[in-house]
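Numbering (full-length UniProt numbering), first residue to last: 1 to 1143.
The C-beta atom is built at its ideal place from N, Cα and C for all residues, glycine as well.
The structure appears right after this line, and notes come after that.
Shown next, in the form of structure tokens:
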């Protein structure tokens, strides 16, 4: 310690202060400039002061750095907040301030000087309020609007950011959804807080694009929301498009919102009109409708398919994995299965030729039958049907006996194995002929490869002999001149009928002349032909009335000798089919009854002939078979009688001589009369035959065919029958048909063979034998049969009343219509468009065919008449689920291969498909019997599926269907663009409740006033705030000299505030004047009682002598005109005291 006087900054620890001593050693107090920097010292203690400090005598607040204690100037970041201090005085700046070097205008709080962010409400002109939005990161002014837009931003935001206030699908937002805003503009006049029921469409406030917003305005104005007072007229809005200024679009949208709110208010707060109009608009916008799904039928030149479906309009469900916000995440719909196309002939996925096996995707929501959980559910469903009567309390005689498997070509072949295993476990089908034939299962399938596959699987279902169907059609059903040779009937079938003389070698099969699908195809073809060039006539353009018109045309055509659509020679085809050996023939309802009249009310023109053949089959058809050919256009099918395997046989069966049949058919209507010899077999030597059916004449009317004629011929000693025949043309026969049977049969003769109960050892389920050969299947429905008008006259009631009649005809098996609850918008309401597998009609909601109780009565009647009933089993699809689910989809064909339409496709897009449902029946019975089945038949759940190596999984019960159990869906006309996305492609999402696939991301209009203001703010224009004026141009305020609308203005280079009054522009070395509106003035101007002159071009204020309009005047150094006597530069001048003119 020296005691020497100290100067400069000194720390005094014991007083915890820093002070400053000048050169004389005096402590400084107050403001002091030291080495060019300003400091502040306490007036009493001399302690240096830091931080924000008020300098009262200078009316300013300044900031002294906490480290250096120096006054700071310019922009400063203090305690994580930005401030602005004058660059000369250091005074803290407040209000709107320009930062020229950053080209932004920011706002500093008037009280604390801190830079503000977000929405600021400020006073504007005439007592109005303006809304300013400052970027939340930079603080830069980005949007300006009036208070009405701010009010809208506050009220149009969701009441809460969760599913209680926002429609979502698994968290995803749909443009077609609704939400509860915070407020609604009641009657278009005032904002009112919403109640729990006050929901509005998202697209009342936000839209995916300007283009859709413009279409929205135009659509609503064109559909009932015209309002002259608001300027909402077609003339005004028709000019709008995607290029229209956003502010103008938003202004019209705002007016339209008010018009909508008026309508809601006037209709007691009902939003029904709004909802229906919005639905119409959604259907109108391609992004939201089927056009965005790339339907192939919309392609120019596309030819509609008469099947009525578009096979390649498919969306494949694909796994999303744990996708991110941009990829989307639909793990709820992911599946480790979906083994596509493991159908018949490709069960193990080894066949590469798609022509040999059916595609997986067909129609509707395609059920993933490769999934072990689904396979278990199928077993559960099959068990329910086989035990229907018992489960529902109607009794065992109301159970179904077997199945007709719909679309067997298009389902995973594993489920056919499992179905056969279930029936064998339940009924020991391999045990005896009677067990198997009493529980028939027959597949629908048009791929011939299925025959060998079924053969390799112990004939677990009957093969559908589609070759026989096509051969009958091509040889007899087509118009003359387009027919194939009749000898094709001998070989073009799963059975070789040259000489079919065994009972166990043929592939067990069933065959038909036509069925509901084939008839539908004909009606559809008429519709297609009646609407040329309408590519989507089987889709969006289809109308029920077209089918009515087509049926009128069809039935008229059927009555013609020369037909356009109806098939020819229906009776001849049935005569062949019903006399064929080693097949189970199927009769179609629509060939016996009018398909457009109440059920079974009106018989067809073929009814008598088919019934005659059915009864003849039951009475006469037995024994071996051979086809005898007489050229390409004439053939005889001969059955040799019971116990007679061949023409040479003389069996010992007592019915051997009184059974047997010859069916003579020609497909040539111009065939000349000829005589042929038909070998009826040696067992029938010297036997009389009567002509059961005979073609007798050509005619343009229904006729020319006789039944049970008196014509009798006798065979020779070798059993040969000599016949004289010729070709005819009439509505029933186009060529020739004759049927001959032995004379002398007892009235009650039965040629059929009863099922054997003897134990089988072959290990096969179905085998070709005389007993199976005795079966006849009757398809008991038409897609087009009308809905019943009286529940007491439903199809089931009528069927029960006539069951014995069918048994008397020789029918043994009823192919029952699919009895399931159909999708309400199904075209035919026929049961294939399944909505609920387990609800088979209730009193409140009967199916097309009746109630479940009436179905039970029909089944009882069928069984009482000695017949069996097989239910149509539809495992491929379900249609019309009521609930949407977010799934990831790709556009494919029906095999699941990527498909481009007009060069466009899409893949891995989140799509809001209707995938969830199944109805009350599914909820009640789904999986209900699996525990019982597992206990009774454990092998069902231990046998591994051929395609996956995994056994059916009984641990999970499907009480509600969803996408994870489905392969995909036919396009649903929902639109691939409905899911809300941001401009970067990322998905908007609400994370709440059970929805945690993505993080919450909402359209910025719903989370930030900035978006509302940016959408509705001025992009250019004047801003008036707290008595100061600015000019806003493309996101910032202008600075310095600016020419606006032909006028020069000056804006402060620091603050952007518009200048008024005299301003010196040093660069231009001139002084100019801006009026109260900020415009630069020119020429003579009187300001504050003084005349001035400003250059007509530059606006520069004049000084000195100036010659004006014939007079000379003088302006002093301030630019003011002088008057009277003046001494200028030592000289005396005299100026007029009124005009200022030099005298």
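To the nearest angstrom, report how far apart residue 659 and residue 620 are at their CA atoms.
So the two alpha carbons sit approximately 4 Å from each other.
Tell me the residue span of the beta strand (DSSP E) that contains residue 337.
Taken as a continuous stretch (DSSP letters only), residue 337 belongs to no beta strand (DSSP E), as it is neither H nor E.
Would you decide whether residue 636 is buried or exposed? Buried here means 16 or more other CB atoms lie within 10 Å of its CB.
So residue 636 ends up on the buried side.
Taking buried to mean at least 16 other C-beta atoms within 10 Å of its own C-beta, is residue 460 buried or exposed?
Per the 10 Å Cβ criterion, buried.
Return the chain-ordered list of same chain residues with a C-beta closer than 6 Å to the C-beta of residue 90, the five sequence neighbours on each side being excluded.
Around residue 90: 62, 71, 73.
Are residue 168 and residue 990 closer than 8 Å when you measure CB to CB?
In contact: residue 168 and residue 990 (Cβ atoms closer than 8 Å).
My understanding is that residue 416 touches residue 423, with C-beta atoms under 8 Å, so please give their C-beta distance in whole angstroms.
11 Å between Cβ atoms; not a contact.
Pop quiz: residue 689 and residue 724 are said to be a contact at Cβ under 8 Å. What is the actual Cβ separation, rounded to whole angstroms?
Not confirmed; about 14 Å, so no contact.
Straight-line CA distance for residue 681 to residue 469?
Distance between the alpha carbons of residue 681 and residue 469: 28 Å.
What residue ranges within the region 403-443 form continuous alpha helix (DSSP H) runs of no fewer than 4 residues, ordered along the chain?
Listed in chain order, they are 414-427, 433-437.
Going by beta-carbon coordinates alone, are residue 351 and residue 406 separated by less than 8 Å?
Not in contact: residue 351 and residue 406 (Cβ atoms no closer than 8 Å).
Under the assumption that residue 182 contacts residue 157 (Cβ atoms under 8 Å), give the Cβ distance between them as a whole number of angstroms.
Right, the Cβ-Cβ distance comes to about 6 Å (below 8 Å), so this counts as a contact.
Measure from the alpha carbon of residue 1121 to the alpha carbon of each residue in 1141, 744, 1129, 159, then state which is nearest.
For residue 1121, the nearest C-alpha among the options comes from 1141.
Counting C-beta neighbours from all protein chains within 10 Å, is the total for residue 938 16 or more, i.e. buried, or is it exposed?
Exposed is the call here.
Could you tell me whether the region 599-612 touches the region 636-654, using the rule of 3 or more Cβ pairs below 8 Å?
In short, these stretches do not touch, since the Cβ pair count stays below three.
Please specify which runs of the alpha helix (DSSP H), each continuous and at least 4 residues long, are wholly inside the region 164-214, giving them in chain order.
Listed in chain order, nothing qualifies, since the region 164-214 has no complete alpha helix (DSSP H) run of 4 or more residues.
Taking 8 Å as the CB-CB limit, is residue 954 close to chain B?
Going by chain labels, chain B is absent from the structure shown, which holds only one protein chain.
Can you find at least 3 beta carbon pairs, one from the region 475-493 and one from the region 807-815, that sit closer than 8 Å?
Counting Cβ pairs under 8 Å, fewer than three are found: no touch.
Do residue 171 and residue 210 have their C-beta atoms within less than 8 Å of each other?
No, the pair does not count as a contact, with Cβ atoms beyond the cut-off.
Checking the sheet assignment: what are the DSSP bridge partners for residue 999?
DSSP, once it has assigned bridges, lists no residue as partnering residue 999.
Spatial neighbours of residue 373 within its chain, please: CB distance less than 7 Å, with the 5 preceding and 5 following residues excluded, ordered by chain position.
Contacts found: 953, 956, 958, 965.
Using the C-alpha atoms, what's the distance from residue 47 back to residue 25?
Each residue's Cα considered, the two are about 15 Å apart.
Name the residue from 1128, 1129, 1124 whose alpha carbon lies nearest to the alpha carbon of residue 1135.
Checking every option, the nearest Cα to that of residue 1135 belongs to 1124.
Does DSSP classify residue 292 as helix, strand or coil?
Looking at residue 292 - three-state DSSP - the assignment turns out to be helix.
Whose C-alpha, out of 666, 670, 111, 662, is nearest the C-alpha of residue 679?
Closest option to residue 679, Cα to Cα, is 662.
Suppose you measure from the CA of residue 640 to the CA of residue 683; what does that come to, to the nearest Å?
Between residue 640 and residue 683, the C-alpha separation is close to 8 Å.
With DSSP collapsed to three states, give me the class of residue 806.
Helix.
How is residue 498 classed by DSSP in three states: helix, strand or coil?
Three-state DSSP puts residue 498 in coil, outside helix and strand.
So what's residue 466 in DSSP terms, helix, strand or just coil?
Note: residue 466 maps to helix in three-state DSSP.
Take residue 334 and list the residues in its own chain whose beta-carbon comes closer than 8 Å to its own, dropping the five residues that flank it on each side.
Cβ within range, chain order: 319, 320, 321, 964.
For residue 899 and residue 888, what's the separation of their Cα atoms in angstroms?
Going by the C-alpha atoms only, they are around 16 Å apart.
Does the region 965-974 come into contact with the region 927-935, if we say contact requires no fewer than three beta-carbon pairs (one atom in each stretch) closer than 8 Å?
The region 965-974, when compared against the region 927-935, does not touch it at the 8 Å Cβ threshold.
Between the beta-carbon of residue 891 and the beta-carbon of residue 288, is there less than 8 Å?
No, the pair does not count as a contact, with Cβ atoms beyond the cut-off.
If you draw a straight line from the C-alpha of residue 135 to the C-alpha of residue 341, how long is it?
Spanning the two alpha carbons is a distance of roughly 56 Å.
What's the gap between the Cα of residue 685 and the Cα of residue 721?
Spanning the two alpha carbons is a distance of roughly 9 Å.
Going by DSSP, what residue range makes up the alpha helix (DSSP H) through residue 374?
Note, residue 374: alpha helix (DSSP H), 372-386.
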